[in-house]
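**Student:** Sharing a structure with you now.
Number of protein chains: 2
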Amino acid sequence: MTKSQKVMLTANDWAEAALDAIGRRGVEGVGVEPIARELGVTKGSFYWHFPNREALLVAALQRWEARETDEVLDRVQQETDPRARVKRLITEVNTSKKASRIYSALSSATKPAFVRDYVERVSKRRLDFIIDSYAALGLSAENARRWALMTFSVFLGSLQIRRDLPDEWPNADEPAFAEYVRFLMVSLMPSELDAASNTPAPQVPEWPARSGGHGF
Amino acid sequence: MTKSQKVMLTANDWAEAALDAIGRRGVEGVGVEPIARELGVTKGSFYWHFPNREALLVAALQRWEARETDEVLDRVQQETDPRARVKRLITEVNTSKKASRIYSALSSATKPAFVRDYVERVSKRRLDFIIDSYAALGLSAENARRWALMTFSVFLGSLQIRRDLPDEWPNADEPAFAEYVRFLMVSLMPSELDAASNTPAPQVPEWPARSGGHGF
DNA sequence: GCGTGTCAATACGCCAGCGTATGGAAAAGA
DNA sequence: TCTTTTCCATACGCTGGCGTATTGACACGC
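Below, the structure written as structure tokens:
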């Protein structure tokens, strides 16, 4: 354990700093010399831990993929009730402004081509998880997919709105936030009729009309 | 009219090329020398039309803001029926893959600080337009806002899904696309009960429970 | 104590991109 | 025709960031 007082950076420290830089300055903003300055060292340290800048990006992306799947999904997956899962997913929008910035920065990145692979895997895992949650409610495969796509869209779109129009988004401590969450829960949850309509696998479309709705 | 055969670039040509570069390489990818190469000229041409790179970005953003408000909204605004407007907005997701890439690149950009102002104005105009569309259905201000936030989220999230998970998104020519649009229309449209419940401006929440839903 | 391995600082060459300065060609005006 | 204006090319200096090479400072095993 070599760790006197000079802190001794590890490769994970660099990867974490790179992830932070992605969130604050985008993928293009990940430079070894700028990050070295932020860490209080020079790039002489970096090129001992990594062969080049691309390896740093790979390490950061691996770290990101691990966190966005294992940690986040595990936290939502502890909810056994599918309805609680969706609600948890919605309220999860307002947690970790930093993680959402990283997601959007990676989603819009193009330059290192392999970034797209990580984004695609993480996004697909999330979507599949939501699909499974809706399927657990008894929906057919097609319907579960439709509901999941809409819920995932709301999740992603909410992240962007909160970033682009922060004044238009209710704060988590305001009552408007809880009201909006309740509103979304009603809108993003199929009614019992939908679920019940799925037991014998009907061939007719399961959502052609709406009898009631949000009325009271 | 000086315009023999040497094409004679104008400032708008540069701004348009910069917008295209934003969509393909992000805001950081807007360089005067790379764009000059793409236009078949040198930067000697650029610095005659613009004082510096920042001015090019401003010109590109002004052009973008004008297009995203006047053109797009006018195209949707021609629909007088609020329901048709929302449907038009949804199907508009699948048009112009390039425009959506520009939007997302600008939305995740941070470096020139004034980019955020343009994104905020364009986003707010779009959201306000959707809010007005729902208000035209007879919803209260709070409810119109809630529905609009959800619809706008679906719109933005769909753009991201189509970019991050293109395989999971139905093509416009497949029947699954039309079915999903119909599904969204049902989900993103308040029922007549909701609208009717708004005439005397009731003080009780207008969406506490759901009587029916997507069942058939 | 003494080498060995670990981590970081320094110095260097390289390249891409910004901004400037200057010159040139061709059309427009006089 | 001669000047002026318009638009672009060329050449230059400058900066920031990448990658390499070399050296240096500790810690630890022996």
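Chains as they are written, first to last, in our numbering: chain A, 7 to 222; chain B, 7 to 222. All C-beta atoms, glycine included, are put in the ideal place defined by N, C-alpha and C.
1) Does any residue of chain A bring its CB to less than 9 Å from the CB of residue 51 of chain B?
2) Between which two residues does the alpha helix (DSSP H) harbouring residue 163 of chain A extend?
3) Give a yes or no on whether the minimum CB-CB distance between residue 23 of chain B and chain A is below 9 Å.
4) Check distances from the C-beta atoms of the segment 79-90 of chain A to those of chain B and list, in chain order, the residues that come in under 9 Å.
5) Pull up the CB-CB distance for residue 24 of chain A and residue 36 of chain A, whole angstroms please, since I reckon it's below 8 Å.
6) Taking a cut of 8 Å between CB atoms, which residues from the segment 14-44 of chain A lie near chain B?
7) Answer yes if the segment 106-122 of chain A comes into contact with the segment 159-171 of chain A, meaning at least three C-beta pairs across the two stretches below 8 Å, and no otherwise.
8) Give the residues from the segment 62-78 of chain A that approach chain B closer than 8 Å (Cβ to any Cβ), ordered along the chain.
9) Return the residue from the list A:70, A:192 and A:89 that minimises the CA-CA distance to residue 153 of chain B.
10) Measure from the C-beta of residue 163 of chain A to each C-beta in chain B and report whether the shortest distance is under 9 Å.
11) What's the gap between the Cα of residue 34 of chain A and the Cα of residue 144 of chain A?
12) Is there at least one Cβ from chain A nearer than 9 Å to residue 119 of chain B's Cβ?
13) State the Cα-Cα distance for the pair residue 140 of chain A and residue 174 of chain B, rounded to the nearest angstrom.
14) Nearest-angstrom Cα distance between residue 8 of chain A and residue 125 of chain A?
15) Assess contact between the segment 90-100 of chain A and the segment 175-188 of chain A, defined as three or more Cβ pairs (one per stretch) separated by less than 8 Å. Is contact present?
16) Would you decide whether residue 170 of chain B is buried or exposed? Buried here means 16 or more other CB atoms lie within 10 Å of its CB.
17) Using beta-carbon positions only, say whether residue 89 of chain B and residue 195 of chain B come within less than 9 Å of one another.
18) Which residue wins for smallest C-alpha separation from residue 136 of chain B, given the options B:52, B:156, B:70 and B:123?
19) Quick check on the burial criterion: 16 or more other C-beta atoms within 10 angstroms. Buried or exposed for residue 77 of chain B?
20) Please report the distance separating the alpha-carbon of residue 117 of chain B from that of residue 32 of chain B.
21) State the CB to CB distance for the pair residue 26 of chain A and residue 45 of chain A, rounded to an integer number of angstroms; the pair is presumed to be in contact (CB under 8 Å).
22) Just to confirm, is the Cβ distance from residue 74 of chain B to residue 128 of chain B under 9 Å?
23) When the Cα atoms are used, what is the spatial distance from residue 176 of chain B to residue 72 of chain A?
24) Using the C-alpha atoms, what's the distance from residue 172 of chain A back to residue 208 of chain B?
25) How about residue 29 of chain A and residue 91 of chain A: are their beta carbons less than 9 Å apart?
26) Return yes when the Cβ of residue 65 of chain A is within less than 9 Å of the Cβ of residue 119 of chain A, no when it is not.
27) According to DSSP, is residue 211 of chain B part of a helix, a strand, or is it coil?
28) Strictly under 9 Å for the Cβ-Cβ distance: is residue 115 of chain B near chain A by that measure?
29) Note down the Cα distance separating residue 69 of chain B from residue 63 of chain B, rounded to an integer number of angstroms.
30) Report all residues from its chain with a CB closer than 6 Å to the CB of residue 85 of chain B; omit the five preceding and five following residues, and keep chain order.
31) Under three-state DSSP, which class holds residue 177 of chain B?
32) In chain order, what residues of the same chain lie with their CB nearer than 6 Å to the CB of residue 104 of chain A, ignoring the 5 residues before and after it?
33) Would you give the residue range spanned by the alpha helix (DSSP H) that residue 87 of chain A belongs to?
34) Between residue 67 of chain B and residue 38 of chain B, what straight-line distance do the alpha-carbon atoms span, to the nearest angstrom?
35) For a test of the three-state rule: what should DSSP assign to residue 102 of chain B, helix, strand or coil?
**Tutor:** Working from what's here:
1) Here residue 51 of chain B is taken as the residue at index 45 of the second sequence, counted from 1. No, residue 51 of chain B lies away from the interface with chain A (no Cβ there is under 9 Å from its Cβ).
2) Looking up residue 163 of chain A in the first sequence gives position 157. Where residue 163 of chain A is concerned, the enclosing alpha helix (DSSP H) stretches over 147-170.
3) As a first step, residue 23 of chain B must be located in the second sequence, where it is residue number 17. Taking Cβ atoms only, chain A never reaches closer than 9 Å to residue 23 of chain B, which makes this a no.
4) none
5) Sequence index remark: in the first sequence, residue 24 of chain A carries index 18 (1-based). Sequence index remark: in the first sequence, residue 36 of chain A carries index 30 (1-based). Rounded, the Cβ-Cβ distance is 5 Å, consistent with contact.
6) 30, 31, 32, 34 and 35
7) yes
8) none
9) On the second sequence, position 147 is the one that residue 153 of chain B refers to. Of the candidates A:70, A:192 and A:89, the one whose C-alpha sits nearest the C-alpha of residue 153 of chain B is A:192.
10) Residue numbering aside, residue 163 of chain A sits at position 157 when the first sequence is read from its first letter. For residue 163 of chain A, the answer is yes, since a Cβ of chain B falls inside 9 Å of its Cβ.
11) As a working note, residue 34 of chain A is residue 28 in the first sequence. As a working note, residue 144 of chain A is residue 138 in the first sequence. Each residue's Cα considered, the two are about 44 Å apart.
12) The residue labelled residue 119 of chain B in the question sits at position 113 within the second sequence. It does not; no Cβ of chain A falls within 9 Å.
13) Numbered from 1 along the first sequence, position 134 holds the residue referred to as residue 140 of chain A. Numbered from 1 along the second sequence, position 168 holds the residue referred to as residue 174 of chain B. Approximately 16 Å, taken between the alpha carbons.
14) For the purposes of this step, residue 8 of chain A is identified with residue 2 of the first sequence, where counting begins at 1. For the purposes of this step, residue 125 of chain A is identified with residue 119 of the first sequence, where counting begins at 1. The predicted position of residue 8 of chain A is uncertain, since its pLDDT is 36 and thus under 50; a value taken from the coordinates is nonetheless stated next. Between residue 8 of chain A and residue 125 of chain A, the C-alpha separation is close to 36 Å.
15) yes
16) Translated into positions along the second sequence, residue 170 of chain B becomes position 164. Its Cβ being crowded by 16 or more others within 10 Å, residue 170 of chain B is buried.
17) Within the second sequence, the letter at position 83 stands for residue 89 of chain B. Within the second sequence, the letter at position 189 stands for residue 195 of chain B. Contact: yes.
18) Taking the second sequence and counting its residues from 1, one reaches residue 136 of chain B at position 130. Residue B:156 is the option with its Cα nearest to residue 136 of chain B.
19) As a first step, residue 77 of chain B is located in the second sequence; it is residue number 71 there, counting from the start. Its Cβ having fewer than 16 others within 10 Å, residue 77 of chain B is exposed.
20) Stepping through the second sequence from its first residue, residue 117 of chain B is reached at position 111. Stepping through the second sequence from its first residue, residue 32 of chain B is reached at position 26. Distance between the alpha carbons of residue 117 of chain B and residue 32 of chain B is about 11 Å.
21) The count along the first sequence starts at 1 and reaches residue 26 of chain A at position 20. The count along the first sequence starts at 1 and reaches residue 45 of chain A at position 39. Their Cβ separation, rounded to whole angstroms, is 10 Å, which puts residue 26 of chain A and residue 45 of chain A out of contact at 8 Å.
22) Numbered from 1 along the second sequence, position 68 holds the residue referred to as residue 74 of chain B. Numbered from 1 along the second sequence, position 122 holds the residue referred to as residue 128 of chain B. Yes, they are a contact pair.
23) As a first step, residue 176 of chain B must be located in the second sequence, where it is residue number 170. As a first step, residue 72 of chain A must be located in the first sequence, where it is residue number 66. Going by the C-alpha atoms only, they are around 28 Å apart.
24) One-based indexing of the second sequence puts residue 208 of chain B at position 202. One-based indexing of the first sequence puts residue 172 of chain A at position 166. Note on residue 208 of chain B: pLDDT 38, under 50, position unreliable in the model; no value is reported.
25) Within the first sequence, the letter at position 23 stands for residue 29 of chain A. Within the first sequence, the letter at position 85 stands for residue 91 of chain A. No, they are not a contact pair.
26) Within the first sequence, the letter at position 113 stands for residue 119 of chain A. Within the first sequence, the letter at position 59 stands for residue 65 of chain A. No, the Cβ-Cβ distance between residue 119 of chain A and residue 65 of chain A is not below 9 Å.
27) As a first step, residue 211 of chain B must be located in the second sequence, where it is residue number 205. Only weak support is given to the placement of residue 211 of chain B: the predicted model assigns it a pLDDT of 44, under 50, and the value that follows is read from those uncertain coordinates. Three-state result, residue 211 of chain B: coil.
28) Here residue 115 of chain B refers to the residue found at position 109 when the second sequence is read from its first residue. Yes, residue 115 of chain B lies at the interface with chain A (some Cβ there is under 9 Å from its Cβ).
29) As a working note, residue 69 of chain B is residue 63 in the second sequence. As a working note, residue 63 of chain B is residue 57 in the second sequence. Distance between the alpha carbons of residue 69 of chain B and residue 63 of chain B is about 10 Å.
30) As a working mapping, residue 85 of chain B is identified with position 79 in the second sequence. Within the same chain, residue 85 of chain B has close Cβ partners 91 and 94.
31) As a working note, residue 177 of chain B is residue 171 in the second sequence. Note: residue 177 of chain B maps to coil in three-state DSSP.
32) Working through the first sequence from its first residue, we reach residue 104 of chain A at position 98. Counting only Cβ-Cβ distances below 6 Å, and skipping sequence neighbours, we find 29.
33) Translated into positions along the first sequence, residue 87 of chain A becomes position 81. Residue 87 of chain A -> no alpha helix (DSSP H), and no H or E assigned at all.
34) Position 61 of the second sequence, counted from the start, is the residue given in the question as residue 67 of chain B. Position 32 of the second sequence, counted from the start, is the residue given in the question as residue 38 of chain B. Distance between the alpha carbons of residue 67 of chain B and residue 38 of chain B is about 16 Å.
35) Looking up residue 102 of chain B in the second sequence gives position 96. If DSSP states are grouped into helix, strand and coil, residue 102 of chain B belongs with coil.
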